[in-house]
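K.L.:
Okay, here's the structure, questions in a sec.
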Amino acid sequence: MKTLGHLINGMRVDRAERTQEIFNPSVGEAAGQVSLASKATVEEAVAAAQAAYPAWRDTPPAKRARIMFRFKQLLEDHADEIARLIGQEHGKIVHDARGELARGIENVEYACYAPELLKGEHSKNTGPSIDSWSEFQSLGVVAGITPFNFPAMVPLWMYPMAIVCGNTFVLKPSERDPTSALYIAELAQEAGLPAGVLNVVNGDKEAVDTLLDDPCVQAVSFVGSTPIAEYIYSRASANGKRCQALGGAKNHAIVMPDADMDNVVNSLNGAAFGSSGERCMALSVAVAVGDEAADTLIAKMQEQMKSLKVGPFSDKNNDFGPVITKAHQEKVCGYIDSAEQQGAQIVVDGRGIQVPGHDNGFYVGGTLIDQVTPEMTCYQEEIFGPVLLVVRAGSMDEAMKLIDDHEYGNGTCIYTRDGEAARYFSDRIQVGMVGINVPLPVPVSYHSFGGWKRSLFGDLSAYGPDAVRFYTRRKTITQRWPSAGVREGAQFSFPS
Ligand code: NAD
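Following full-length UniProt numbering, the numbering of the sequence shown begins with 1 at its first residue and continues without gaps.
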């Protein structure tokens, strides 16, 4: 069985290390294995990044950006192969994988703009013959640790901008579907990155902890589940590193009684079940305001869900594929069991779904659960599967309070035809990314992506303008050139 290694100092590196199986979840069989980097391997990658840093730091930003232009082209040229690699290991349908890649490419496009973004600020005559300016300098070696659910896109949220800002990078992709990230990093290499500027180490906790503790690593970007995000943030910060750690979610949609219900149902179907619900922006809770809205929503959803097509990633006619692992399939079904035991009503049940010819695949069918209440485990925790919960609220304020009281604050959405209600909602809701009749309000690459509350630890969001700030630090320089013959005496007080 093939073993995936690492990319260190511009070369594929294979070591005799611990390994883990990589599955093809559509068929439920191991398709290869991945090396789990030892501390020594990670230290070697960090040393390569550290060695590459001085020359890369001094490379003009426009030259760095030109490599990103070439990288973008290579990503487009190899899109089919990348989508296949994503689908094979993640399970998402190939055209969804193409969509993921397209979102990633948008971040490369934004990184091409870095010379403009790095221009800094200048003020002439801040005092007599004194000029001041702020410049945005790179940090050094930066690390990125990424989740399984967007194996191509989330790394592309990070390193194109980090690198074009003058940093060097060590990426630790998810060990569950690592192949596309390594393949893409090799394309970046082919685009012209000097050896050592971008390194990829595959691995698990040992690799991550080595990055968090290595004094050469200046900053850490993390995306994953909330318990790990909190751990990463605490440990990286305790070690004096800059850190942004994006965590999990429980995204609610408020369905107002005046909403266009056919539109809501179409939109919720895609947002709840697309990619098997394994998106941090998936809508996993619909809060219907009033019983009439709830009953209509349930009836229409139930009808539409009859046509959901679940099956292998390679069939474009499927709506979504399997979940990532057998253990995750059992976990998702366990949440449905708990909802039933705690008194919710399973309207459409995706447990035990059979996909002919793919009997061992890790499938869970679309599931709709009514009469969910806030004390239930299925409501409190992130399920990360194709499960939509319906909670009934008596008013919009009651619905908003549910959202505000929840641990997570990643994304949310309101369906209404009332502009005043929408404005009230977007102004007050305690969530970082808000949609108005838009189910997945994922910011475009020239805005930034980040939740509130326990969906993000740190101050700056991912990609977009916040990424420029995260991957650089401000230096402010104040300058005077005294002209010959004009010399001042010592000044002991601030001039008034
Ligand atoms: P995860 O937290 O299990 O893993 C993420 C990364 O952390 C992986 O690279 C993994 O190797 C590493 N890791 C796991 N356990 C670790 C440990 N004990 N110590 C050190 N490192 C460890 O997340 P996942 O299951 O791969 O991804 C799904 C989660 O990511 C969901 O919670 C989802 O909401 C979240 N997510 C959030 C965003 C966002 O932008 N907020 C985006 C995508 C995914």
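Even glycine gets a Cβ: it sits at the ideal position worked out from N, Cα and C.
(1) What does DSSP give as the partner residues of Ser132 in its beta bridges?
(2) Among the residues of its own chain, which have a CB less than 6 Å from the CB of Arg351, if the five just before and after it don't count?
(3) Does DSSP put Val323 in a helix, in a strand, or in coil?
(4) Taking 8 Å as the cut-off, decide whether the C-beta atoms of Leu85 and Glu175 are in contact.
(5) Shorter than 7 Å, the distance from the beta carbon of Glu175 to the closest heavy atom of the ligand NAD, or not?
(6) Short of 7 Å in beta carbon distance, which residues of its chain neighbour Lys205, apart from the five on each side in sequence? Order them along the chain.
(7) Report the three-state DSSP secondary structure of Thr416 (helix, strand or coil).
(8) With a threshold of 6 Å on Cβ separation, who are the neighbours of Leu118 within its own chain once the five nearest residues in sequence on each side are excluded?
(9) Would you tell me roughly how many angstroms separate the C-alpha atoms of Asp459 and Pro465, rounded to the nearest one?
(10) Please look up how many angstroms separate the CB atoms of Gly385 and Gly248, rounded, as I've assumed it's under 8 Å.
(11) Just the Cα atoms here: how many angstroms apart are Met11 and Leu193?
(12) How should Gln189 be labelled, buried or exposed, when 16 other C-beta atoms within 10 angstroms of its C-beta is the threshold for buried?
(13) If you follow the beta strand (DSSP E) that Ala393 is in, where does it begin and where does it stop?
(14) With a threshold of 7 Å on Cβ separation, who are the neighbours of Val355 within its own chain once the five nearest residues in sequence on each side are excluded?
(15) Can you name the residues that DSSP bridges to Cys378?
(16) In chain order, what residues of the same chain lie with their CB nearer than 7 Å to the CB of residue 499, ignoring the 5 residues before and after it?
(17) Looking only at its chain, what residues have a beta carbon closer than 6 Å to the beta carbon of Asp14, apart from the 5 residues adjacent to it on each side?
(18) Given 7 Å as the limit, tell me if Asn317 has its C-beta closer than that to any heavy atom belonging to the ligand NAD.
(19) Within 10 angstroms of the Cβ of Ile130, are there 16 or more other Cβ atoms? Answer buried if so, exposed if not.
(20) Considering only C-alpha positions, which residue in the set Glu44, Thr19, Lys39 and Thr41 is nearest to Gly32?
(21) Taking 7 Å as the cut-off, is the CB of Cys378 close to at least one heavy atom of the ligand NAD?
(22) Using 10 angstroms around the beta-carbon of Gln218, count the other beta-carbons present and answer buried if the total reaches 16, otherwise exposed.
(23) Measuring only from the beta carbon, is Val108 closer than 7 Å to any heavy atom that is part of the ligand HEM?
(24) Determine the direct distance from the alpha carbon of Lys300 to that of Val220, and round the result to whole angstroms.
(25) For Pro147, is the beta carbon positioned less than 7 Å from some heavy atom of the ligand NAD?
(26) Following the continuous alpha helix (DSSP H) through Pro266, name the residue where it begins and the one where it ends.
(27) Out of Leu182, Asp214 and Val154, state which residue places its alpha-carbon closest to the alpha-carbon of Lys241.
(28) Within a Cβ cutoff of 6 Å, which residues of the same chain sit near Leu456, ignoring the five residues on either side of it in sequence?
(29) Leaving out five residues before and five after Pro147 in sequence, what residues of the same chain have Cβ atoms less than 6 Å from its Cβ?
(30) Can you tell me whether Met158 is helix, strand or coil according to DSSP?
(31) So is the beta-carbon of Leu460 under 7 Å away from any non-hydrogen atom of the ligand NAD?
(32) Would you kindly work out how many angstroms separate the C-alpha atoms of Ser307 and Arg423, rounded to a whole number?
(33) Helix, strand or coil for Asp427? Go by DSSP, reduced to three states.
(34) Would the C-beta of Asp213 count as close to the ligand NAD, meaning under 7 Å from any of its heavy atoms?
(35) Quickly, what does DSSP pair residue 498 with across the bridge? List them, please.
(36) With a threshold of 7 Å (Cβ to nearest heavy atom), would Ile228 be considered close to the ligand NAD?
P.N.:
The answer reads as follows:
(1) On the sequence shown, position 132 is the one that residue 132 refers to. Ser123 and Thr478, per the DSSP bridge assignment.
(2) Start at 1 with the first residue of the sequence shown, and residue 351 comes out as number 351. Result list for Arg351: Cys333 and Ile336, in chain order.
(3) As a working mapping, residue 323 is identified with position 323 in the sequence shown. Coil.
(4) Here residue 85 refers to the residue found at position 85 of the sequence shown. Here residue 175 refers to the residue found at position 175 of the sequence shown. Not in contact: Leu85 and Glu175 (Cβ atoms no closer than 8 Å).
(5) Sequence index remark: in the sequence shown, residue 175 carries index 175 (1-based). Yes, since a heavy atom of the ligand NAD falls inside the 7 Å radius drawn around the Cβ of Glu175.
(6) Here residue 205 refers to the residue found at position 205 when the sequence shown is read from its first residue. There are no such residues.
(7) Sequence index remark: in the sequence shown, residue 416 carries index 416 (1-based). Thr416 falls in the coil class under three-state DSSP.
(8) Position 118 of the sequence shown, counted from the start, is the residue given in the question as residue 118. Same-chain partners within the cutoff: Pro61 and Phe136.
(9) In the sequence shown, residue 459 corresponds to position 459, counting from 1. In the sequence shown, residue 465 corresponds to position 465, counting from 1. Computed Cα separation, rounded: 13 Å.
(10) Here the question's residue 385 lines up with position 385 in the sequence shown. Here the question's residue 248 lines up with position 248 in the sequence shown. With 8 Å as the limit, Gly385 and Gly248 do not qualify as a contact, their Cβ atoms being about 13 Å apart.
(11) Reading the sequence shown from its first residue, position 11 is the one you call residue 11. Reading the sequence shown from its first residue, position 193 is the one you call residue 193. Answer to the nearest angstrom: the Cα atoms are 12 Å apart.
(12) In the sequence shown, counting from the first residue as 1, residue 189 sits at position 189. Buried, since its Cβ has 16 or more Cβ neighbours within 10 Å.
(13) Here residue 393 is taken as the residue at index 393 of the sequence shown, counted from 1. Where Ala393 is concerned, the enclosing beta strand (DSSP E) stretches over Val387 to Ala393.
(14) Position 355 of the sequence shown, counted from the first residue, corresponds to residue 355. Answer for Val355: Val310, Gly311, Gly361 and Tyr363, listed in chain order.
(15) By one-based count along the sequence shown, residue 378 stands at place 378. Paired residues: none, contrary to the question.
(16) Outside the modelled stretch of the chain, which goes from 1 to 496, sits residue 499, for which no answer is possible.
(17) The residue given as residue 14 occupies position 14 in the sequence shown. These residues qualify, in order along the chain: Gly5.
(18) Within the sequence shown, residue 317 is the residue found at index 317, counting from 1. No, Cβ of Asn317 sits at least 7 Å from all heavy atoms of the ligand NAD.
(19) Indexing the sequence shown from 1 puts residue 130 at position 130. Per the 10 Å Cβ criterion, exposed.
(20) Start at 1 with the first residue of the sequence shown, and residue 32 comes out as number 32. Among Glu44, Thr19, Lys39 and Thr41, the Cα nearest to that of Gly32 is on Thr19.
(21) Numbered from 1 along the sequence shown, position 378 holds the residue referred to as residue 378. Answer for Cys378: no, Cβ out of range of the ligand NAD.
(22) Along the sequence shown, read from residue 1 onward, the residue named residue 218 stands at position 218. Gln218 comes out buried.
(23) Of the ligands one can find in the structure shown, namely the ligand NAD, none is the ligand HEM.
(24) Here residue 220 refers to the residue found at position 220 of the sequence shown. Here residue 300 refers to the residue found at position 300 of the sequence shown. Taking the straight line joining both Cα atoms gives about 45 Å.
(25) Stepping through the sequence shown from its first residue, residue 147 is reached at position 147. Pro147 Cβ: within cutoff of the ligand NAD.
(26) Position 266 of the sequence shown, counted from the first residue, corresponds to residue 266. The sequence as given places Asn at residue 266; Pro does not occur at that position. Residues Met261 to Phe273.
(27) One-based indexing of the sequence shown puts residue 241 at position 241. Minimum Cα distance to Lys241 is reached at Asp214.
(28) Position 456 of the sequence shown, counted from the start, is the residue given in the question as residue 456. Correct list, in chain order: Leu246 and Gly450.
(29) Residue mapping note: residue 147 aligns to position 147 of the sequence shown, counting from 1. The residues are Ser174, Val223 and Gly224.
(30) Translated into positions along the sequence shown, residue 158 becomes position 158. Helix at Met158.
(31) By one-based count along the sequence shown, residue 460 stands at place 460. Checking the Cβ of Leu460 against the ligand NAD gives no.
(32) The residue you call residue 307 lines up with position 307 of the sequence shown. The residue you call residue 423 lines up with position 423 of the sequence shown. Answer to the nearest angstrom: the Cα atoms are 35 Å apart.
(33) Taking the first residue of the sequence shown as 1, we reach residue 427 at position 427. Helix.
(34) For the purposes of this step, residue 213 is taken as the residue at position 213 of the sequence shown. It does not: the Cβ of Asp213 is nowhere closer than 7 Å to a heavy atom of the ligand NAD.
(35) For the chain, the structure presents residues 1 to 496; residue 498 sits outside this window and is missing.
(36) By 1-based counting over the sequence shown, the position of residue 228 is 228. Indeed, a heavy atom of the ligand NAD lies less than 7 Å from the Cβ.
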